[in-house]
Amino acid sequence: MAAVAKFLASTLALLPLVSAWGGPLLTLPYATYEGIYDTTTGVKSYYGIRYAQPPVGELRWQPPQDIELNNNYATQGAIDAGTFGPECTQGVPFWSGPFTLPPAGSEDCLLLNIQVPAYPAHDALPILLQIHGGGYTQGNGTGLPGDALIMQSKGNIIYVAIQYRLSAYGFLSSHEVRQNGTANAGLLDQRAAIQWTQRYAKHFGGDPSKITIIGGSAGGGSVMSQLIMHGGVADPPFRASIAEYPWWQPFKNDSTLETQYRQLLNAAGCTDIACLRALDETSLATATQEVYVTAYAAGSYGYGDFYFGPSVDGQIIADLPSNEFKQGHFSKVPLLVNRDGYEGVIFSNTSMTTQEEEIADLKNLFPYAGQSFINRLYELYPLSAFNSTFFHRAQWFGDFIIDCPSYYMASAMVDAGLPAYKLLFYAGSELHGATGEYLYGNNNDGTAAGNDTIGLIMKDWYLSFTTSMNPNDVSFSETPKPYWSAYNDGSGMLAMSVNYTQMGVVTDFDANAQCDFFHGQSYVVRN
């Protein structure tokens, strides 16, 4: 995550922004926003648009409330949308680095950013809607700007980036929370933002029937959760999905969810949810960050785990993702999915040097796994095949949490008779998030960052999928590229492999015994 954050910071520093004074106007039925026009990229941007009521006080751990309720925007005149709004309150897992008290961010953060071409190709453009990653505890809607994609599309798409409640604010789920609010509030925020975009798409030149949701890491996991929400609705508010390196963090069972809640109560000096809702913003934010410290010390979560995240509540998320995909309980839309070359590296502890330490780590991640699980894992991943315990752990962790889920999602879509496309990305750093600079990064002259040719090809594929649900149909850059076969075109499970020297279709490396092993396990147990 640190490497991704560094890239995002450098990307934002390159964006030339024009003052919002006298900027373009976005007129909605209930409010008018004044944005900015970027003369270099030819993109009009509107930042910090509220899509729901601030989830503060009594609205903590409640479903998002429509922004149209009880608002007084109509009397305000044009609202400044030329600067980024606040990010949601951040949470930093103890293993991932330094943190501050209180943590950064704000509760009043249910915002989205809209970017539109100054000269649209037509008056009803497809929309690419970004759900940011960050382990469900960090990140914001400003880190992956859409300028490069809009520029290459020649005015053929609109880009929307959303924010949602994070960590304990968005993913607290105990019996008391469910009885007096909602579990998975962060997922409901995402759905509300997608629905808001669908409602108002026509007001900023978008086609409400042509929304593609995209997200990387926890954003990719969020795309997965949007697919299985409510058991997979027949008519979701999006027509296609892109899950980049989808992060399938283990869903915690009811016992762990109760522990999380009790840890927050203790850190806040509270005895019930009413007390938590009555806390001032700083006190609650400080308490949520303190949970990460005390829970890690207590062994409640381990290295690479972000602790808070989506969970099975029986309604919003009816069952574990693996079960939902096996049973076909997901919204039936086309899918593009990818993963990077070495997904587990930045989530593994470099100080781990012995098998004993690794087994302890395994038991922490999979507390309900027996000795047979451990024995079989070492059969499938023999230590002798790796240079160190660190790389051994990085391989199976990356497989378990990202590589294999990309295989599960693609194969489930094919089984349901839907088009699916998978990408294996071995360029750039090859680490988690390596595709980012090729899709979202710009040099000062507006050209793609990273390897220009790979960047042009990557954006062409993603733009073509956004506009036509097939990565091969449109070549906006006219850069030659290989044909990307569907995941199962009758000749096996196929994926597009990309590296610095060649691109081409290969048999999916993740269609293997290791991923079948993880898919067949009940290593997450619900009470």
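Mapped onto mature numbering (1 follows the signal peptide of the UniProt record, and there is no 0), the consecutive letters of the sequence shown carry residue numbers -20 to -1, 1 to 507. No residue lacks a Cβ here, since even glycine has one placed at the ideal position from N, Cα and C.
Fewer than three beta-carbon pairs drawn from the segment 196 to 213 and the segment 180 to 188 are found closer than 8 angstroms, and the two stretches are therefore not classed as touching. Ranking 242, 257 and 311 by CA distance to the CA of residue 393 puts 311 first.
Residue state for residue 141 is assigned as strand, using DSSP reduced to three classes. For residue 401, the enclosing beta strand (DSSP E) covers residues 400 to 406. Ranked by Cα distance from residue 100, the options 89, 4 and 136 are led by 136. Counted as a single uninterrupted DSSP element, the beta strand (DSSP E) harbouring residue 483 occupies residues 483 to 487. Beta-bridge partners of residue 478 (DSSP): 405 and 483.
Distances from the alpha-carbon of residue 241 to those of 328, 12 and 267 put 267 closest.
If you look at residue 303, you'll find it in the alpha helix (DSSP H) that goes 301 to 306. Between the segment 409 to 423 and the segment 307 to 322 there are three or more C-beta pairs closer than 8 angstroms, enough to call the two in contact. Closest in alpha carbon position to residue 280, among 370, 487, 235 and 68, is 235. The C-beta of residue 118 has 16 or more other C-beta atoms within 10 Å across all chains shown, which makes the residue buried.
Its chain contains 407 and 418 as the residues whose beta carbon lies nearer than 6 angstroms to that of residue 434, once the 5 sequence neighbours on both sides are disregarded; these appear in chain order. Distance check between residue 340 and each of 366, 5 and 373 places 373 closest, using alpha-carbon atoms only. In the structure shown, residue 316 falls within a strand segment according to DSSP collapsed to helix, strand and coil. Beta-bridge partners of residue 356 (DSSP): none assigned. Note on residue 226: 16 or more other CB atoms within 10 angstroms of its CB, so buried under the neighbour-count rule. The beta carbon of residue 403 sits closer than 6 angstroms to those of 318 and 476, all from its chain and outside the five residues before and after it, given in chain order.
Of the other Cβ atoms in all chains shown, fewer than 16 fall within 10 Å of the Cβ of residue 463; this residue is therefore exposed.
Taking residue 22 as the centre and dropping the five residues before and after it, the same chain places the C-beta of 98 closer than 6 angstroms to its C-beta, in chain order. Fewer than three Cβ pairs drawn from the segment 73 to 82 and the segment 204 to 219 lie within less than 8 angstroms of each other, which leaves the two stretches out of contact.
By the Cβ rule, the segment 150 to 162 counts as touching the segment 286 to 303, because three or more pairs are nearer than 8 angstroms. Distance check between residue 306 and each of 211, 233 and 174 places 211 closest, using alpha-carbon atoms only.
Here residue 16 is not near residue 31, since their CB atoms are 7 angstroms or more apart. DSSP places residue 36 in the coil class of the three-state scheme, outside both helix and strand.
Exclusion of the five residues before and after residue 494 leaves 360, 361, 376, 379 and 384 as the residues of its chain whose Cβ lies within less than 8 angstroms of its Cβ. Of the residues assessed, residue 93 falls on the buried side of the cut-off, its CB having 16 or more other CB atoms within 10 angstroms. Burial is judged here by how many other beta carbons sit within 10 angstroms of a residue's own beta carbon; residue 486 has fewer than 16 and is exposed. In the displayed model, residue 107 falls within a strand according to three-state DSSP. In this structure the segment 123 to 135 does not touch the segment 161 to 179; the number of beta carbon pairs closer than 8 angstroms is below three.
In this structure, the CA atom of residue 472 is about 19 angstroms from the CA atom of residue 452.
Put simply, the backbone Cα of residue 65 is about 22 angstroms away from that of residue 38. Secondary structure at residue 473: strand, using DSSP grouped into helix, strand and coil. Under DSSP, residue 410 shares a beta bridge with no residue.
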